[in-house]
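*Asks:* Going left to right, the sequence shown walks through residues 664 to 1205 as the numbering used here numbers them. C-beta: ideal position from N, C-alpha, C; glycine also.
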Amino acid sequence: MKNFKYILTSLLSILLLTVSCQDDEATVGDLLTPTNLQVTATIVGQDGNNPNGDGSGVVNFSASAEDTSTYRFVYEGNEQTNSAGAASFVFSSLGINSYTVTVIAYGTGGNSTSTTITVEVLATYAPPAELIEKLVGTGSRSWRIKSEQQGHFGLGPVGGSIPTEWYGAGPDEKATVGMYDDRYVFSSDGTFTFITDSTNDDPTMDTSGTIFGRDGLVNDLGASGGTINGADVENLPFNDFNETWGLIAPGGVETLTLTGDGFIGYYTGGSQTYEIFDRSVPNELVLRTTDGNGEFDWWFIITSAEPASNNFQTQYNNLVWEDDFNVDGAPDAANWTYDLGAGGWGNGESQEYTNATENVVVENGMLKITAIKDGSGNYTSSRLKSENLYEFTYGRVEVRAKLPASQGTWPAIWMLGANFDTVGWPTCGEIDIMEQKGQDKNTVLSTVHHPAVSPGAGDSAATSLPTSTTEFHNYTVEWTATEIIFLVDDFVFHTVSNDATLPFNDDFFLILNVAMGGTLGGNIDPAFTQDSMEIDYVRVYQ
664 MKNFKYILTS LLSILLLTVS CQDDEATVGD LLTPTNLQVT ATIVGQDGNN PNGDGSGVVN
724 FSASAEDTST YRFVYEGNEQ TNSAGAASFV FSSLGINSYT VTVIAYGTGG NSTSTTITVE
784 VLATYAPPAE LIEKLVGTGS RSWRIKSEQQ GHFGLGPVGG SIPTEWYGAG PDEKATVGMY
844 DDRYVFSSDG TFTFITDSTN DDPTMDTSGT IFGRDGLVND LGASGGTING ADVENLPFND
904 FNETWGLIAP GGVETLTLTG DGFIGYYTGG SQTYEIFDRS VPNELVLRTT DGNGEFDWWF
964 IITSAEPASN NFQTQYNNLV WEDDFNVDGA PDAANWTYDL GAGGWGNGES QEYTNATENV
1024 VVENGMLKIT AIKDGSGNYT SSRLKSENLY EFTYGRVEVR AKLPASQGTW PAIWMLGANF
1084 DTVGWPTCGE IDIMEQKGQD KNTVLSTVHH PAVSPGAGDS AATSLPTSTT EFHNYTVEWT
1144 ATEIIFLVDD FVFHTVSNDA TLPFNDDFFL ILNVAMGGTL GGNIDPAFTQ DSMEIDYVRV
1204 YQ
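#1: Can you list, in chain order, the residues of its chain with a C-beta nearer than 8 Å to that of Leu982? Leave out the 5 residues immediately preceding and following it.
#2: I'd like the span of the beta strand (DSSP E) that includes Gly1058, first residue to last.
#3: Go through its chain and collect everything with a Cβ distance to Pro900's Cβ below 6 Å, but skip five positions before and after it.
#4: Just checking my contact of Ile808 with Phe816 at CB under 8 Å: how many whole Å lie between their CB atoms?
#5: Relative to the C-alpha of Thr696, which candidate in Ile767, Gly718, Ala749, Asn741 has its C-alpha closest?
#6: Under a three-way DSSP split, which group does Leu785 fall into?
#7: Report buried or exposed for Ser967, applying the criterion of at least 16 other Cβ atoms within 10 angstroms of its Cβ.
#8: Of all the alpha helix (DSSP H) runs that stay within the bounds of the region 792–869, which reach a length of 4 or more residues?
#9: Any idea if Phe926 is buried or exposed, counting beta-carbon neighbours within 10 angstroms, 16 or more meaning buried?
#10: Determine the burial state of Ile1198: buried for a count of at least 16 other Cβ atoms within 10 Å of its Cβ, exposed for fewer.
#11: For Leu919, which beta-bridge partners are listed by DSSP?
#12: Let me check understanding here. Comparing Cα to Cα, which of Phe855, Pro1074, Phe754 lies closest to Ala786?
#13: Taking the straight line between their C-alpha atoms, what separation do you get for Pro1129 and Tyr830?
#14: How close, in whole Å, do the beta carbons of Gly1011 and Gly1101 come, if the pair is a contact with beta carbons under 8 Å?
#15: Tell me the rounded alpha-carbon separation between Asp1188 and Leu948.
#16: Identify every residue that forms a DSSP beta bridge with Val1111.
#17: With the cut-off set at 9 Å, would you say Ala1178 and Thr1072 are in Cβ contact?
#18: Skipping 5 residues on each side, what residues in its chain have a beta carbon closer than 6 Å to that of Thr936?
#19: In chain order, what residues of the same chain have a beta carbon less than 6 Å from the beta carbon of Ser746, not counting five sequence neighbours either side?
#20: Could you tell me which whole beta strand (DSSP E) segments of length 3 or greater appear in the region 941–973?
#21: Give me the DSSP bridge partner(s) of Leu982.
#22: Go ahead and label Gln1070 buried or exposed: buried means 16 or more other beta carbons lie within 10 angstroms of its beta carbon, across all protein chains shown.
#23: Could you have a look at Glu1197 and say whether DSSP puts it in helix, strand or coil?
#24: Taking all protein chains shown into account, decide if Thr690 is buried (16 or more other Cβ within 10 angstroms of its Cβ) or exposed.
#25: Taking the C-alpha atoms as reference points, what is the distance between Ser871 and Val840?
#26: Does the region 1151–1160 touch the region 1050–1058, meaning 3 or more C-beta pairs lie closer than 8 Å?
#27: What residues are listed by DSSP as bridge partners for Asn723?
#28: Give a yes or no on whether the C-beta atoms belonging to Asn902 and Thr856 are separated by under 9 Å.
#29: Can you give me the Cβ contacts of Cys684 inside the same chain, cut-off strictly under 7 Å, excluding the 5 residues immediately before and after it?
#30: Closer than 8 Å to a non-hydrogen atom of the ligand FMN - does that hold for the CB of Phe1167?
#31: For Asp730, I'd like the list of residues in its chain whose CB is within less than 6 Å of its CB, leaving aside the five on either flank, ordered along the chain.
#32: I need the boundaries of the beta strand (DSSP E) containing Thr1139, first residue and last residue.
#33: DSSP beta-bridge partners for Phe766?
#34: Which one or two residues does DSSP pair with Asp895 in a beta bridge?
#35: Would you mind working out which of Phe1191, Gly772, Val1111 sits nearest Phe1167, comparing C-alpha positions?
#36: CB Ala838 to CB Gly814, shorter than 9 Å?
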């Protein structure tokens, strides 16, 4: 293809030379200056009762002119370039303020025409101090795509409420496209610094790297090169750059804004605003943005923690006990018995546990534990345990499961000390391999409880898992005499020290259940009817 292009270029050069010899009056092309430049501004939320907008400070600009190839919008050093004549600025100074934006239309040969437009905009949102501190720390903080996390990058329908509904990247799936070595530095002075290659030993000497974006849309950056792979451009050469960042809350939704070329992870075009979908996990944010074509919502998990050395090597490879749930009907009575009854179970829970088929069944290779709201407004569910059937000390437990999505459901995969009946809780010890809050279906928790930390929150950690209710994931604990290590999809996110003073050196048994409401389940959706936790297998290695 390249040879063909060069031959074609040479032929055109010869043809032009021939024409110029025949007619000295001919011209290659006219240098045109844009004319009739028109600019309009739409203040978001503006109406008869809110002439200065809804308080978000967002203004969308549209420009048109004849003989124009591209437009540039400039406000106090912040620039946006767009060939379609569209741009969006966020004006965040509190109160009603007047702002002037310069719009430049460029024709062929660099000829240009410019005009200005002034808008009066209301801004009412003052970001909470804890969010600002999370972004910038004591002065600046560097963020990255959490590449080791399932679903760290994905897409779904515009306005969708489930992250990565259509596609979610697996751990390190995009390692070769030019995204994972990027860093996004937020500073307290409002500067946003994009570092395109954080692996450089001396980034002050080499500020070049590569980025990843949507073919067509990424052209707005003015870069060339890279590799086209379907709808994406991978490893597009680009230099480090600075823009500014801000926080707004259109419609009450906390949103991160970036000026000009600023973007995170994957260039999607548009105004580069990112809804903060979830910020509950320390050092993490789940972000959502709509692309410039209005086709998809793009999702990102970013973290301010650098990648840990996650070369996890298990000590346990001998499979000693398992249930793959391959026989339809009731769970295997040789492996499982039940806790039955109501009474809140010490946590203010709303369900009654049963062993009825509608609450617990094995079918199609899966164990299904289903919480149900009956006709009188009461809840039933099931709680399986291996007490007195299989109990063990130390090992690796791996459970593959998909969790219920309904508000108020509290699924758990956990272990309890086998001496529970004699010493009680928390003296017996508890190891929660996985729990999920009823009001937060985008994260999962792992916790240990013992007298030194319970009652209370225990020694706990959470990790983002936006696809916990739509996809199966592996929930694992590695339990040794010195450590209790928790993993999701083979990635370590929580480690607890163990020693002879703790109750984690004797036999424990397994428990699988779905609770309703209570301390972690919280408020139950009034429209709830039923929902299930599905388990593919439970395996123990020693």
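*Replies:* In brief:
#1: Arg1202, Val1203, Tyr1204
#2: Where Gly1058 is concerned, the enclosing beta strand (DSSP E) stretches over 1058–1065.
#3: For Pro900, the CB contacts under 6 Å within the same chain, skipping 5 residues up- and downstream, are Thr873, Gly888 in chain order.
#4: 6 Å
#5: Looking at the Cα atoms, Ile767 is the closest of the given residues.
#6: strand
#7: buried
#8: 792–799
#9: buried
#10: Under this definition Ile1198 is a buried residue.
#11: DSSP output for Leu919 lists Leu910, Tyr937 as bridge partner(s).
#12: Phe754
#13: 12 Å
#14: Not really, about 12 Å apart at Cβ, beyond 8 Å.
#15: 25 Å
#16: Ile1094, Asp1122
#17: Between Ala1178 and Thr1072, the C-beta gap is smaller than 9 Å, which places the two residues in contact.
#18: Cβ within range, chain order: Thr918, Thr920.
#19: Result list for Ser746: Thr733, in chain order.
#20: 947–953, 960–966
#21: For Leu982, which the question treats as bridged, DSSP gives the partners Tyr1204.
#22: Under this definition Gln1070 is a buried residue.
#23: strand
#24: Here Thr690 scores only 41 on pLDDT, less than 50, and its place in the model is too uncertain to base an answer on.
#25: 15 Å
#26: no
#27: As a beta-bridge residue in DSSP terms, Asn723 pairs with Thr705, Ser751.
#28: no
#29: The pLDDT assigned to Cys684 is 35, lower than 50, so where the model puts this residue is not dependable, and the model offers no usable value.
#30: The ligand FMN is not part of the structure shown, which contains no ligands of any sort.
#31: Leu695, Pro697, Gly770
#32: Note, Thr1139: beta strand (DSSP E), 1136–1142.
#33: The question names Phe, yet the displayed sequence has Val at residue 766. Note: Val766 is bridge-paired with Phe736, Thr778 in the DSSP secondary-structure output.
#34: Arg877, Asn892
#35: Val1111
#36: no
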